[in-house]
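Read in numbering that gives the first Met the number 0, the sequence shown has 383 at position 384, and its numbers run on one by one without any break. From the three backbone atoms N, C-alpha and C, an ideal C-beta is built for every residue, glycine too.
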Amino acid sequence: MKTDNGQYIAIASSPNKQITRTVLSNGIVVLVTENPAADIVAARIFVKAGSCREAAQQSGLVHLLSSVLTKGTQHLSSLEIAQQVESVGASLGTDAAADYFLLSLKTVSSDFLEILALAAEILRSPSFPELEVELERRWLMQNIRSQQEQPFTIAFDQLRQAMYQNHPYAPSALGTEVTVANLRRDDLIGYHQTYFRPDNLVVSITGRISATAAVAAIEKVFGDWQNPTTPIPELQLPHIEPQPYQINKPQPTQQSIVMLGYLAPSVQQSDYVALKLLSTYLGNGLSSRLFVELREKRGLAYDVSAFYPTRQGIAPFVVYIGTAPENTAIALEGLRTEVELLCTQPLEEYALQAAKNKILGQYALSKQTNAQIAQAYGWYEALGLGIAFDTQFQQQIAAVTAQQLQQAACRYFLDPYISIVGPEEAISVI
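Listed below in structure tokens is the structure:
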């Protein structure tokens, strides 16, 4: 429905919740979930641009931008921003991911408009002070050096590089020492001017506030923000030609890290739900298949798990194990065996139902607070899924069959990329 002032309004329902979706005349999408249980309002402001929009030679740019954005505006210093937030006991922060940039805030309802106005100023007119940029750039380079001392990080970085080749998902979100060393204030300004614009924004609000009041607040602080005349640059993602191979990196560590990686569906693809359930079955918790078989029964693992992050593009499905160096070869064999069993043996009904119960229970628990609810619905909208995805995901998990899981496993778990980090004497023979 279109109103007289150019807003487009839709109402959607999810179990126990009603979400109002409004599109302002300048293109900002506003989602409001009323929750009067506590006098708290949380908001998540998504910019639909993350590290996947960085040029290869500017890897780490969005992470640096997230660190510097709150360090000053055209009218406020870093200290003044901090004082304004802390004086009312609110919270405000930023984060960056592969597919989006995020500004988060939380406050009591009486202070919401004040903190929202501050967030709007930070988003619209950051000053990127030169000294703050340099300080945060140095901190980021130190963080990169620290990460490169962690065997897990080394193993995952080289696995990701092998899987994604020249795709924007290949680099670490932190960047490299080389790319970060070359980043400058003008790079931050250029990225901000290109992607921080009303028609690229999703604002998700949850708490003790009506949809009418929330939309009015957004109109007040963002309504006069005009879009540039140039369109948002189209994201051109390169085709990935699967070429699985093994990378061994000698490292003087007390344990070996063994990882298997598979190119897997994006969140928009039909097999996403099946693989999300398989990730839970394989590696989520002390009752997971990998934990029981490789740690409890065989004593091979210090740590063992699986993860399958939600991505707008092709996602990595990863299983890994941390093991004693002398067990590196047998741990690799064990991991491969457990994954390959998914293609040859359908899950028994009790195992399938247990995995469904686990993922649906954890999903429900992940949306208990206002901040979590605002995050979930804003994230769905930013990824192009829409707020109906909340209900659809749960229904699809409940409906998936063992046969569908086996078919999905056979489509994606054929030949893994392998990344191994450990003592040279342990990995040189593998």
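- Remark: three or more beta-carbon pairs, one from each stretch, lie closer than 8 Å, so the stretch 193-201 and the stretch 228-235 are flagged as touching.
- In this chain, arginine 43 is not harboured by any alpha helix (DSSP H); it is covered by the beta strand (DSSP E) spanning 39-46.
- Counting only the Cα atoms, leucine 182 lies some 11 Å from alanine 54.
- Remark: C-beta atoms of leucine 276 and proline 264 do not approach each other more closely than 8 Å.
- Pairing lysine 355 with valine 257, the inter-Cα distance amounts to about 27 Å.
- Under a 10 Å Cβ-count criterion, valine 428 is classified as exposed, with fewer than 16 other Cβ atoms of the shown protein chains found around its own Cβ.
- Here DSSP, grouped into helix, strand and coil, assigns arginine 196 to coil.
- Contact between the stretch 338-350 and the stretch 368-375 is absent: fewer than three C-beta pairs spanning the two stretches fall below 8 Å.
- Pairing asparagine 369 with aspartate 110, the inter-Cα distance amounts to about 16 Å.
- Considering only Asn142, Thr152 and Ile80, the residue with the shortest C-alpha distance to alanine 119 is Ile80.
- If you draw a straight line from the Cα of leucine 78 to the Cα of arginine 137, it comes to about 20 Å.
- DSSP, read as helix, strand or coil, puts alanine 154 in helix.
- In this chain, the alpha helix (DSSP H) harbouring serine 65 covers 60-67.
- Isoleucine 320 and alanine 328 do not touch by the CB rule: their CB atoms are close to 12 Å apart, not below 8 Å.
- Assignment of alpha helix (DSSP H) within the stretch 167-215, counting only whole runs of 4 or more residues, yields 176-180 and 184-194 in chain order.
- In summary, glutamine 57 is buried, with 16 or more beta-carbon neighbours lying within 10 Å of its beta-carbon over all protein chains present.
- Three or more beta-carbon pairs separated by less than 8 Å link the stretch 305-318 to the stretch 157-171, which places the two stretches in contact.
- DSSP places isoleucine 143 in the uninterrupted alpha helix (DSSP H) bounded by 129-146.
- Pairing alanine 408 with leucine 351 gives a Cβ-Cβ distance that is not under 8 Å.
- Glycine 260 is positioned such that its CB atom lies no closer than 8 Å to that of leucine 293.
- DSSP places glutamine 245 inside the beta strand (DSSP E), whose first and last residues are 245-249.
- When C-alpha distances from glutamine 394 are compared across Tyr411, Gly421 and Ile358, the shortest belongs to Ile358.
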